[in-house]
Amino acid sequence: MPSEILQRLYEGLGFPRDLVTQYLTDLAQAAEVPTFSDVTELLDEAGPFQSFLVCSCFELFNCMTWFSREKSDDKVSPEEGDAILENEIATIESLFSDSFLGRKHFDDEDTNERELYFGFCTSYEKQLLVVVRFPDYYPTEPPAIYVQPLRRSSPESLPSLVVAPSCTKDISAVDRRAIMDAAVQAINGFVGGGCLMVLISAIHGAVSSMKEVRPASSTPPLDRDAAAKERSAVQQQRKAFLGALTGNRVANREDIEEAAEDEEDRFIQVSMPEKVELATVDAASASRETQRRDFLVSDAALDVTLKSSWEKLKTEGSLRKARDSLPAHSVRETLRAALQKHNAVVIGGETGSGKTTQIPQFLYEFMCEEGHGSSANIVCTQPRRLAATSVALRVAEERDEAVGGTVGYSIRLENCVSKKTQITYCTTGIVLRRLQTDKYLGRVSHVVVDEIHERGADTDFLLILLRDLVRRRQDLKVVLMSATMDSELFARYFDGAPVISIAGRTFPVKVMHLEQIIPEVNYTLEEGSPFEKISGDKETRRRNTRKNVLNLDLEDVEEDVEREKAQHRLAQVVRASPKTLDTLARMNYDVVNYELIEYIVEYIDTTLRAPGAVLVFLPGMAEIQRCLEQLKLNPRLAKSCLFYNLHSSLGSSEQQGVFRRPPAGKRKVILGTNIMETSITIDDAVYVIDTGKAKENRYNARKSLSELVTVNISKANCRQRQGRAGRVQEGFCFRLFTEAQFEAFDDHQLCEMHRVPLESLILQIYALHLGDEVEYLQKALTPPEERAIHSSVKVLTTLGALTVEKRLTSLGQHLANLPLDVRVGKMIIHGALLQCIDPVLTMAACLATRSPFIASVDFRTEVENMRRAFAGETLSDQLSSWFAYNKWVSVLQQKGTAAARKVCEDYFLSPATLKQIQSTKRQYERYLYEAGFLDSAPSSHMSPSKFIFPPFTTLDDRIFEAGGQHFNENSTSTRCILACLVAGLYPNVAQMRMSRGSRSVGGGNCSRRHTVKFTTFDGSECLVHPSSVASKETSFASPLLVYVDKVKTSATFLREVSVVAPLHVILFGSGNLEYLAKYEELCVDEMTAFKCRQEDATLLTHLKTQLDSALTQKINDPSKTWESISSVVVRAIVKLLKEDGGRAGGLTIIDRRQPREPLTEPLVPEAAAVQPVVPENQPFKTSKSCFLCGETGHVSRYCPHNSTHHKGGPPARCFICGQWHFPQDCTLVKALKR
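Numbering (this note's numbering), first residue to last: 43 to 1276.
Put into structure tokens, the structure is as follows:
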């Protein structure tokens, strides 16, 4: 029967049985079932039924899609749909250029449905053809797909669509169904909108994860003669290349010339670079340069001019009254007197006192009044770039002039100073880099260090340098400024420097602790509340079964006794009513009480009623979202309040809503992190709700990971948060902890030097030639642990910044001059060396700023899907950001700002972040140019707002902004880009491990869901972070990935990951290759090794040696050209990466920590090994499976798979008779049983 044959065929093609049955029933009712004699006639590729079969497959897929598709009210016209499709196709062609085969029926006159053709490869190198067919009303109506084996055809024509026997033979129904299910899920995830990018990404993922099911029959043997000739040719080519690499000529030269007739083989017959080591900086000669070369400059005529200008400004200045009204003005003369007697002064002033804007001006005015104005050169450091620029603009305005005159600023991305500038606001890093070239800061008269209470790592390091410098320079004045009133610590550090306190200009704030809040807002903690403290016994009782019900009354009594004891302890430290004490005793202080926050906000809105914004300080983004949901569930608050969230991952444009005044009758409630303490000021804030918690990154040097932990804040942080409420009127501060708990808080938060890796600081110590790093950092206010210092030194040694003898290398000198993380610095240097500079600079800028995608909770799913779509086949977070940025910049350059804004809306990109990334790229390009790594720059004037090189456009309309054409020759190769990532981030390489017990069935798509774990360099097991594009993958093209950092939250996660190939790690990892011939292992480091032949290992070892030599020569002297160094090896390796894909043939990765198999034969041959005999009357018979082998009928000691039997019998001596057998098997026991 034709219907039965079609039923079996469609089921073999992966379509659901019920759907096929209904479809064939409908065809029969419409009399549209074709008539044929047998399957051969039906599947004849030249027969009349092919068109029917292909169309029916598309129709069946459409039925699968519509079955689970939601209705959409979005109406898209055909013209708009065509525009959406064209934009998607342009993106797909760039992202999946290797897989895209072509398009069909896209002409206006063509009435057939439009089709796109793709060729994807499975994990076992099987080529599949995927065709996507689009209806006229796409995207309102969904597309359909069809899958078949890809057959080779002429390059000019696309493959034909057929339903042939190979369709069911080469692709199993299980694999087909997995591909179609992934496609349906992707299509229905974007109802009413364009879904092509997500669809192709999903199909590619499903196809690449397909696994080969090997047939039982063996393959026919290859022709021996042909195989021998092939091996001989490969061997001759290998010898030729190896001879060039090692400098040894091969004996049979004629054979080599015959085997090397093509261009590639002649290309390698050239001289190779000599082996070169990284040059080191001569610390001895550098330390001899201790004499001060620059001094304060004095000009008598200019002194008179500056003094008269100040006298005029003092009487006629437009903002003189505003300046005089600031609290800082009251200590002006006190500061003058202190500086006349001391070289260092500490100033403590609350937020709003005016110390940041006024103190540097006072110092300048003192020198003008004394007639030494020309010698004034005041540098004021700020911990944040935004603070440096905004304060400089304000100070310039107060002096009735434009910024860049007397007052300027210098930050990482901008420099607004001139010859007239005498007050410079800058970031701390700018001063540190200036100290590298001028140890004495010879022409600086004053250094003002602001916000020292934040205890940043750079700030603490600068304080060490300044304390030593003040002792050597008597004409240098140092002023330290803190926003908290506990400045004695810093005063003692600077040899008893005087402390000047400035009273704040804030209104009084009423502080309420938990014991006052609970009765005031009438809060009751219900039984079983998620915010109630649960003891172990109580948790057990919650899970009790009926057999324990008789014990409940007694346990309740015990709980009441414990509660009374807790109340008694609280009553000794907290003054409150018994009801409040009971609530406090049962409250869980480890979690944020969102219910109590809701009560407080409602109390503010209904009882206090005074206008003003409410600031709620929460630890992180997850807590902000949870609290927002709690508040919005309150109908009264939902009507009367406007809710905003504020955290560091939001762009500046997304934060603007918190600064606007709310409409009449509305109250602004802002949920934010500790960014609201000092970085941002909300001028209408009146109420503060302080949870007393914050998230901090804690670096664990032993485990080499950063732990994001929730910690109690310090007393200083509490006062900062309290001060936010008294800026405009009398305020209120609600602290969700008791007064006793507040007193137990630390006075200050843990300084950053104890919380972050120290590589950059240690590199600065070596660049400044300050001696031993451990001894020098002991001078800090709170010295870091020696373990953390040694861990950072090891990282710098691995990167090549320091030698084993701890001498600074030329690479280390370059990295010290780059104001970014040392790993990222090495990455961008390799980007210039491997000529893929633009994408590498983009990825480095993303790491320095943040991801170009928006950080909105409302569009989290859409953003994740879009990031995965941009990543495509690469499974790389860094490349996903690069592709997204390049999409935006290409449209911006070619179509203008409006089109670029539309791209941001369509692809969920943040315009502000993209512009910041672009600015950072410009600065990084300039750094590389100044270091000499980018030569051949145009001779015209270089503007800070433009790239040094003109943009370069490729044939496929990709735009490369940085580096020009010469330094972007390999920018289209993702393999070369990933090589730079490995060079910079090594040893941050992880190796894949499958979780124990995970099994795969069939072709891999029917596998039970399993967790993919990775092992890092230190041996710890980690998971890929959920935010990564690779987090949901269960099948990887390579078992290696490189990551930016390792963090511990609920588990240990790897963030910002990219899948890399073995060749990347072998050639660009910093380890020295070692071949163990006995085990046939090529070892990269303590963790990673590859199984390979000795000839391959020798070739790879010499390749790496020559590559390192070529790169090292360029790093030692960036002015050298590639031609003088001989970049043959670099070009050969780039070609190898592009053509081989980094897979390096049959290299198999091994974990060196796992025990190796024995190389010798076992003492007892396996055939002669003693096999356990299961006695018929064994003492313990069981129907359960043996835990060793899983079989039934025996217990583990009789298991034939137990290794102890191969060693001559059981490992236990019977304590009854003394013989070697288990006591249960003793004959004496058996006799007694009888």
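C-beta atoms are modelled at their ideal positions from N, C-alpha and C, and glycine is treated no differently.
Residue i to residue j span [Cα, whole Å]
| i | j | result |
| --- | --- | --- |
| Val551 | Thr995 | 60 Å |
| Glu112 | Asp60 | 21 Å |
| Lys685 | Gln771 | The sequence shown places Phe at residue 685, not Lys. Phe685 and Gln771: Cα-Cα distance of roughly 22 Å. |
| Leu69 | Ser243 | 34 Å |
| Glu439 | Phe503 | 32 Å |
| Met908 | Ser110 | 22 Å |
| Leu626 | Asn716 | 26 Å |
| Leu171 | Ser1100 | 27 Å |
| Ser898 | Phe950 | 9 Å |
| Phe787 | Leu556 | 15 Å |
| Pro90 | Ser923 | 49 Å |
| Ile1175 | Phe975 | 20 Å |
| Val433 | Phe901 | 35 Å |
| Pro44 | Thr77 | 7 Å |
| Ala1004 | Glu155 | 42 Å |
| Ser1152 | Phe1078 | The amino acid at residue 1152 is misidentified as Ser; the sequence shows Ala. Computed Cα separation, rounded: 32 Å. |
| Glu785 | Glu847 | 48 Å |
| Leu792 | Leu1027 | 28 Å |
| Ala220 | Leu158 | 20 Å |
| Ala1021 | Val866 | 13 Å |
Residue interval of the beta strand (DSSP E) (run including residue i)
| i | result |
| --- | --- |
| Leu143 | 142-146 |
| Met554 | 551-554 |
| Ser1100 | 1094-1102 |
| Ile465 | 465-469 |
| Thr423 | 420-424 |
| Glu1116 | 1116-1118 |
For residue i, the first and last residue of its enclosing alpha helix (DSSP H)
| i | result |
| --- | --- |
| His4 | There is no way to answer for residue 4, as the model of the chain reaches only from 43 to 1276. |
| Gln516 | Counting along the chain, Gln516 falls outside any alpha helix (DSSP H), and DSSP gives it neither H nor E. |
| Val541 | No alpha helix (DSSP H) contains Val541, which is instead part of the beta strand (DSSP E) from 541-544. |
| Ile804 | 801-809 |
| Tyr949 | 939-949 |
| Glu1063 | Segment 1063-1066 is the beta strand (DSSP E) holding Glu1063; no alpha helix (DSSP H) there. |
| Val835 | 828-841 |
Per-residue burial, residue i [other beta carbons within 10 Å of its own, 16 or more giving buried]
| i | result |
| --- | --- |
| Phe337 | exposed |
| Gln71 | exposed |
| Ala886 | buried |
| Val62 | buried |
| Leu803 | buried |
| Ser417 | buried |
| Trp108 | exposed |
| Pro826 | buried |
Supposed contact pair residue j and residue i - C-beta distance, whole angstroms, cut 8 Å
| i | j | result |
| --- | --- | --- |
| Ala1025 | Phe1056 | Contact doesn't hold; Cβ gap of about 20 Å is too wide. |
| Phe1110 | Gly768 | Actually they are not in contact, since the Cβ atoms of Phe1110 and Gly768 sit about 56 Å apart, beyond 8 Å. |
| Ile731 | Val658 | 5 Å |
| Glu1098 | Gln958 | With a Cβ gap of about 18 Å, Glu1098 and Gln958 do not count as contacting. |
| Leu1124 | Ala1139 | 4 Å |
| Contact the region 135-147 vs the region 939-950: 3+ CB pairs below 8 Å | Contact between the region 135-147 and the region 939-950 is absent, because fewer than three Cβ pairs lie under 8 Å.
| field | Stretch pair the region 1076-1084 + the region 989-1004: three plus CB contacts closer than 8 Å | value | No, they do not touch.
| query | Is it true that the region 335-354 meets the region 468-486, where meeting means three or more beta-carbon pairs spaced less than 8 Å apart? | reply | Contact holds between the region 335-354 and the region 468-486, because three or more Cβ pairs, one in each stretch, are under 8 Å apart.
| If we count Cβ pairs, one from each stretch, closer than 8 Å, do we get three or more for the region 855-868 versus the region 839-846? | By the Cβ rule, the region 855-868 counts as touching the region 839-846, because three or more pairs are nearer than 8 Å.
| said: Within 8 Å, do at least three Cβ pairs link the region 377-389 to the region 425-437? | reply: Flag = no, the region 425-437 and the region 377-389 do not touch.
| said: Quick test of the definition: if touching needs 3 or more C-beta pairs under 8 Å, does the region 876-892 touch the region 955-966? | reply: For the pair of segments examined, the region 876-892 was found to touch the region 955-966: the number of CB pairs separated by less than 8 Å reaches three.
| query | Taking three-plus beta-carbon pairs below 8 Å as touching, is the region 725-737 in contact with the region 675-684? | reply | Contact fails: fewer than three Cβ-Cβ distances are below 8 Å.
| request: Answer yes if the region 161-171 comes into contact with the region 247-256, meaning at least three C-beta pairs across the two stretches below 8 Å, and no otherwise. | output: The region 247-256 is in contact with the region 161-171.
| field | Sufficient close CB pairs (3 or more, under 8 Å) joining the region 365-372 to the region 445-465 | value | Too few Cβ pairs lie closer than 8 Å, so no.
| said: For the structure I just gave you, are there three or more beta carbon pairs, one from the region 504-516 and one from the region 446-455, closer than 8 Å? | reply: No, the region 504-516 is not in contact with the region 446-455.
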